[in-house]
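Visitor:
Numbering (full-length UniProt numbering), first residue to last: 1 to 139.
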């Protein structure tokens with residue numbers, strides 16, 4: 001649960017959006033690969049799914065901004081998220097392990113901190129805006 005809370009905060013995502021991270025196969029051309037490309041690791045997060053209305057008009061995944069501006073560290077975070085999803089360590093908190101819809105476990109985890117998943121996302125979004133030079137940094 002702590003891992004999920006960290007990801008929600010770092011990527012400013014809703015809990016259910018974390019499991020919709022769009023992971024694609026990517027192999028650059030022979031010359032001049034991007035700085036973030038790691039040879040031998042060819043699957044990368046490019047964004048996450050949009051809601052149904054947005055997806056109809058523009059099917060490209062929603063881009064995300066991370067608090068982490070250092071490309072190497074951001075790449076390590078995304079690689080960890082991809083591996084955690086693949087191994088089942090990071091899952092959609094809206095559903096229990098047996099597949100039933102239940103947000104109680106995640107809410108119980110956040111309760112001692114006096115915070116909700118929605119508030120956690122907003123905190124992350126505000127900080128990400130500050131880190132990335134957003135225009136409305138006081139809201």
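Glycine included, C-beta positions come from ideal geometry on N, C-alpha and C. On a predicted model such as this, the values are computed, not experimentally measured, just so you know.
Suppose you measure from the CA of residue 89 to the CA of residue 76; what does that come to, to the nearest Å?
Guide: Reading the chain shown from its first residue, position 89 is the one you call residue 89. Reading the chain shown from its first residue, position 76 is the one you call residue 76. Computed Cα separation, rounded: 16 Å.
Visitor: Compute the Euclidean distance between the alpha carbons of residue 117 and residue 111, then round it to the nearest angstrom.
Guide: For the purposes of this step, residue 117 is identified with residue 117 of the chain shown, where counting begins at 1. For the purposes of this step, residue 111 is identified with residue 111 of the chain shown, where counting begins at 1. Near 10 Å, if we compare the C-alpha coordinates of residue 111 and residue 117.
Visitor: List the endpoints of the continuous alpha helix (DSSP H) containing residue 100.
Guide: Indexing the chain shown from 1 puts residue 100 at position 100. It is not in any alpha helix (DSSP H) - residue 100 carries neither H nor E in the DSSP assignment.
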